[in-house]
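J.: Before I ask anything, let me first share the structure, which is written out below as structure tokens.
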Amino acid sequence: MASNISHKLALGVGAAVAASAALYACTATGSKSTNLVTGDAASAVYVPPGSHDEYYAFLSGGYSGQVAVYALPSGRVIKQIPVFSQFPENGYGYDENTKAMLQTSYGFVPWDDSHHPELSQTDGVPDGRWLFINGNNTPRVARIDLSLFETTEILELPNAAGGHASPFTTPDTKYIVSATRFSVPVPNTDVAIDTYKKNFKGVLSFITADKPGKMDVAFQILMPGYNYDLAHAGKGPSDGWFFFTTYNTEQAYEKLELNASKNDKDVIAAVDYRRAEACVAEGKARTVPAKYMHNYKDESTHVAASERKTSVKMLDPRDCEGVVYLLPTPKSPHGVDIDPSGEYIVASGKLATVIPVHSFSKMKKAIADKAYDGDVDGIPILKYTATIAGEVQKPGLGPLHTEFDGKGNAYTSMFISSEIVKWKLGTWEVVDRMPVYYSVGHLMIPGGDSKKPWGKYLVSLNKITKDRFLPTGPELAQSAQLIDISGDKMKMLLDFPTIGEPHYAQAIPASVLKDQQVKFYKLSENKNPGVVKAESEGGITRQGKRVDIKMAAIRSHFAPDNIEGVQVGDTVYFHVTNIEQDWDIVHGFAVLGANNAELILAPGATRTLKWVPQAPGVFPFYCTDFCSALHQEMQGYVRVSPAGSNTPLMANVSKKAQAQMSQQ
Amino acid sequence: MTRLARSLTALAALIMVGGFFLPLWQIRLLAPQYPEGLGLLIHVNTVRGMTENDLRNINSLNHYIGMKVIDPEAIPVLNIMPWVLGALVVGALIVALAGRRKLLVAWLGAYATAAMLGLFEFWRWERDYGRNLDMEHAIIKVPGMSYEPPVIGAKQLLNFTAISLPAMGTALLGVAFVLVALALVHSLRAARAARRGALPTAGATNDFTGNAATSRLEPAGTR
């Protein structure tokens with residue numbers, strides 16, 4: 000009965016919303032009563048078959064550890080990019096080529112919690128070279144090459160626990176940063192947890208990011224033991240500064256829910272990173288031992304390798320005066336977002352009743368005037384009244400993040416009141432509200448955190464889905480919503496489900512990326528040690544208990560496709576090369592009983608699958624990607640003989656390859 | 000031959016040099032799976048793909064129907080054609096220098112013969128590749144089906160539409176042929192005009208102008 004009533008109530012509310020929406024449509028479009036808001040919105044997001052969307056959007060996968068790529072405005076998923084988690088769909092993290100990508104100082108960590116995608120920038124504008132993303136759990140940052148849509152580099156961060164304030168970039172992509180969410184003993188040692196105030200520290204890492212294969216921790220700054228939450232670089236006048244939000248300035252170590260919510264204000268740490276560079280150059284940073292891994296996949300060999308790092312430069316602000324200032328900010332601030340002009344520093348206090356906005360020029364003046372309100376571990380605290388530019392009054396409940404449209408407006412996500420609030424920079428007045436379903440976390444405007452936002456769309460990344468889509472048992476997809484922000488009033492256009500939990504997102508006009516896409520790897524440039532460039536080069540070799548099989552995949556066969564001489568107790572490596580040189584002619588490789596994964600092979604790529612046969616027999620292998628009309632025939636057999644048997648090594652090649660060889 | 004006719008013939012020789020560098024013929028292949036198309040370009044001395052890997056990819060597809068691998072090294076006529084073209088270019092230069100109309104006519108005859116033979120050879124080549132299939136190893140066998148593209152025009156070959164057209168090189172060779180033909184026409188008209196003109200022939204004209212070419216250059220119709 001109760002559910003029946005609530006159902007009716009929901010219907011009633013729905014009807015009211017529909018009615019008001021229809022009314023809105025009528026007033027918005029004048030006399031055309033047939034032009035319902037739904038039809039209008041549908042045409043705004045409709046991309047006809049065969050046509051392309053306007054934007055690529057990169058949404059973090061959250062607990063999936065990956066990045067999902069959507070096309071806007073249609074909201075269609077066009078790709079999942081494996082980053083921190085193994086991906087059986089194509090063998091990432093399972094095959095011999097990419098296993099090294101997931102190595103850490105803790106060993107092989109085949110999963111993570113990916114939060115914040117960040118596009119590389121040139122002059123403060125997203126440039127489409129790379130996408131960076133952080134792993135929150137085992138602090139890591141990854142580089143995704145946007146000509147390949149593939150993870151090519153991962154750097155682990157030492158002395159950190161929870162790489163949450165990460166991987167935000169400087170306007171020139173010289174550095175990306177990563178700050179620890181959980182302060183821990185530095186270096187991490189066995190101490191009583193209740194010695195938190197004495198022993199626990201936070202570190203801010205500055206990572207060199209503009210050279211592929213050379214990602215490294217340039218230096219770390221040792222900070223008070225707070226929780227570091229989010230960050231953004233300054234730009235324009237504030238170029239050279241980095242801003243980090245903190246919570247738990249109470250330095251609680253138990254029941255944080257309560258104990259870290261006591262102070263009226265926490266702080267934003269403003270870091271003058273050029274000053275930090277100078278201090279490091281002057282030798283003021285200590286070189287401290289640290290264990291972390293750097294993993295890089297070479298595109299010419301298609302193989303990733305891990306490098307173990309053993310030390311890091313640690314800068315104590317006490318040894319570098321003027322490198323960090325603290326800006327008191329209400330209350331447990333989450334996002335810190337810099338407006339396109341670089342003047343305003345917008346903090347979103349999760350528990351604050353206003354949205355405080357600091358002024359960069361006032362901050363500089365406060366520093367010059369030494370308008371301090373004490374210090375923490377030698378780091379000056381600036382007076383709140385000396386840096387604050389304004390407060391947005393009654394914005395809503397639970398402000399989290401702010402993005403900008405480049406037209407003088409800011410948009411803030413409100414988790415608790417479940418809405419997007421639009422307000423004006425400078426006057427701080429709220430000008431529009433849009434309810435979102437339900438409980439928005441991050442929001443994203445393409446380029447909305449850069450110098451030049453493309454202020455046409457806004458994506459609301461919601462934390463709770465409930466009834467937005469057809470129900471699918473207790474676990475639901477997450478929900479995103481697309482909003483048109485080109486006019487004075489926000490207009491809801493589309494709901495679309497997402498893979499994993501999208502924390503933050505980035506988007507860029509399609510025109511920037513689509514012409515730089517690699518269509519296939521050039522076989523002539525393939526330097527993999529197991530490559531075969533023609534069918535006739537396939538074969539089998541044995542070294543002790545190790546058997547290497549080199550194999551070509553081409554429509555619609557493997558060469559060789561019959562293999563004998565493998566014995567129980569051997570470890571077999573299949574080195575399979577897709578020797579096609581044509582766009583989207585992909586082959587797969589799967590063998591019966593493989594304990595790891597299959598391989599998906601892009602044209603021109605070589606990948607290696609390890610296989611340990613357990614018992615004698617004959618085992619088929621086959622192509623897992625429907626490549627061609629005779630795909631079902633694309634198969635072969637491996638014969639496995641008992642250990643010590645004298646079956647000779649044999650690897651045939653296809654008749655075509657034999658014909659090729661006889662011609663030669 | 001008039002001076003204009005000789006100039007035109009020399010110009011034709013120059014234009015024909017383009018035939019060494021530009022493709023003579025093109026065969027485009029379109030299919031549902033190949034919206035961007037595949038293509039072959041036939042040059043005077045080789046066959047290549049329209050993009051870097053088209054030839055490789057066409058050969059890869061052709062293995063399904065048992066077609067021979069298209070290997071430019073294995074097509075003997077591609078070794079002869081550059082010499083034929085070279086001979087025509089040199090011939091045109093000789094004609095321009097010698098200024099003999101008979102040579103001009105002979106050159107046009109040689110050109111036409113070479114062009115006919117070239118087209119015939121192309122047709123024969125397409126027929127050989129399209130019909131002379133390795134049926135033992137062919138994967139797709141369609142009774143009665145052959146796969147030669149047309150010499151010119153479009154034809155459906157299973158899922159592919161093959162469109163065969165002359166390319167830029169042939170256009171240049173065509174222009175050259177037309178120029179030489181015009182040279183012949185002009186020479187013939189000038190000669191006729193000279194015969195029909197003032198009874199005192201060339202010698203008298205020379206007496207007045209000191210330049211016999213002046214009158215010869217003007218087309219008969221303008222008098």
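Top line first, the protein sequences correspond to chains A and B. Under numbering that gives the first Met the number 0, think of the first position of the first sequence as 0, with each following residue one higher. Under numbering that gives the first Met the number 0, think of the first position of the second sequence as 0, with each following residue one higher. For glycine and all other residues, C-beta sits at the position ideal for the given N, C-alpha and C.
1) Return yes when the Cβ of Ala-137 (chain B) is within less than 8 angstroms of the Cβ of Ile-57 (chain B), no when it is not.
2) Let me check understanding here. Comparing Cα to Cα, which of A:Ala-552, A:Gln-631 and A:Asp-547 lies closest to Trp-610 (chain A)?
3) The ligand NAD and Leu-181 (chain B): does the residue's C-beta get closer than 7 angstroms to at least one heavy atom of that ligand?
4) Can you tell me whether Arg-130 (chain B) is helix, strand or coil according to DSSP?
5) Do we get a CB-CB distance below 8 angstroms when we pair Leu-629 (chain A) with the residues of chain B?
6) Taking 8 angstroms as the cut-off, decide whether the C-beta atoms of Asp-246 (chain A) and Pro-327 (chain A) are in contact.
7) So with CB distances below 7 angstroms, who are the chain B contacts of Asp-581 (chain A)?
8) Specify the secondary structure class of Val-104 (chain B) as computed by DSSP and reduced to three states.
9) With 16 other CB atoms within 10 Å as the buried threshold, where does Met-144 (chain B) fall?
10) Report yes or no: do the region 520-534 of chain A and the region 153-168 of chain A share at least 3 C-beta pairs separated by less than 8 angstroms?
11) DSSP beta-bridge partners for Lys-609 (chain A)?
12) Under a Cβ-count criterion, where at least 16 other Cβ atoms within 10 Å of its own Cβ denotes burial, should Gly-472 (chain A) be classed as buried or exposed?
13) Given that Leu-553 (chain A) touches chain B, what residues does it touch there, using C-beta distances under 7 angstroms?
14) Unbroken beta strand (DSSP E) runs of length 3 or more, entirely within the region 48-123 of chain A: which are they?
15) Taking Gly-123 (chain A) as the reference, give the member of A:His-231, A:Leu-101 and A:Ala-409 with the closest Cα.
16) Expressed to the nearest angstrom, what Euclidean distance is found between the alpha-carbon atoms of Gly-666 (chain A) and Ala-284 (chain A)?
17) Going by the beta-carbon positions, is the gap between Leu-598 (chain A) and Val-575 (chain A) smaller than 8 angstroms?
18) Under a three-way DSSP split, which group does Ala-304 (chain A) fall into?
19) For the alpha helix (DSSP H) that Ser-347 (chain A) lies in, which residues bound it at each end?
20) Between the region 120-138 of chain B and chain A, which residues of the former have CB atoms less than 8 angstroms from a CB of the latter, in chain order?
21) Keeping to the same chain, check which residues put their C-beta closer than 6 angstroms to that of Ala-193 (chain B); ignore five residues upstream and five downstream.
22) How big is the Cα-Cα spacing for Met-550 (chain A) and Phe-573 (chain A)?
23) Arg-606 (chain A): which of A:Ser-73, A:Lys-98 and A:Pro-48 sits nearest, CA to CA?
24) Exposed or buried, which one is Ile-482 (chain A) when buried takes at least 16 other CB atoms within 10 Å?
25) How is the beta strand (DSSP E) around Arg-142 (chain A) delimited, first residue to last?
26) So, is Ser-438 (chain A) buried or exposed, given that buried needs 16 or more other C-beta atoms within 10 angstroms?
27) Does DSSP classify Ala-32 (chain B) as helix, strand or coil?
28) According to DSSP, is Asn-262 (chain A) part of a helix, a strand, or is it coil?
29) From Lys-526 (chain A) to Glu-306 (chain A), what distance separates their C-alpha atoms?
30) Kindly indicate which three-state DSSP category Ser-310 (chain A) falls into: helix, strand or coil?
31) Where does the unbroken alpha helix (DSSP H) through Ala-12 (chain B) begin, and where does it stop?
32) By the DSSP assignment, the beta strand (DSSP E) with Glu-149 (chain A) in it spans what residues?
33) What number of angstroms, rounded off, separates the C-alpha of Thr-28 (chain A) from the C-alpha of Thr-172 (chain A)?
34) Apply the 10 Å Cβ neighbour rule to Tyr-225 (chain A) and answer buried if 16 or more other Cβ atoms are within range, or exposed otherwise.
35) Just checking my contact of Tyr-456 (chain A) with Pro-445 (chain A) at CB under 8 angstroms: how many whole Å lie between their CB atoms?
T.: If we stick to the structure as given:
1) no
2) A:Asp-547
3) Judged by which ligands are present, the structure shown has none, so any question about the ligand NAD falls away.
4) helix
5) yes
6) What sits at residue 246 (chain A) in the sequence shown is Tyr, not Asp. Contact flag unset, no.
7) Asn-52 and Asn-56
8) helix
9) exposed
10) no
11) A:Tyr-572
12) exposed
13) One detail in the question is off: residue 553 (chain A) reads as Ile in this sequence, not Leu. In chain order: Ser-59.
14) 54-59, 66-71, 75-80 and 117-121
15) A:His-231
16) It is not possible to answer for residue 666 (chain A), since the shown part of chain A is limited to 0 through 663.
17) yes
18) strand
19) Per DSSP, Ser-347 (chain A) belongs to no alpha helix (DSSP H); it is in the beta strand (DSSP E), 343-348.
20) His-136 and Ile-138
21) none
22) 7 angstroms
23) A:Lys-98
24) buried
25) 139-144
26) buried
27) The residue you asked about is not Ala; residue 32 (chain B) is Gln in the sequence shown. Gln-32 (chain B): coil per DSSP, three-state reduction.
28) coil
29) 20 angstroms
30) strand
31) 2-15
32) 149-155
33) With a pLDDT of 40 at Thr-28 (chain A), under the threshold of 50, the modelled position of this residue cannot be trusted; read the value that follows with caution. Taking the straight line joining both Cα atoms gives about 44 angstroms.
34) buried
35) 7 angstroms
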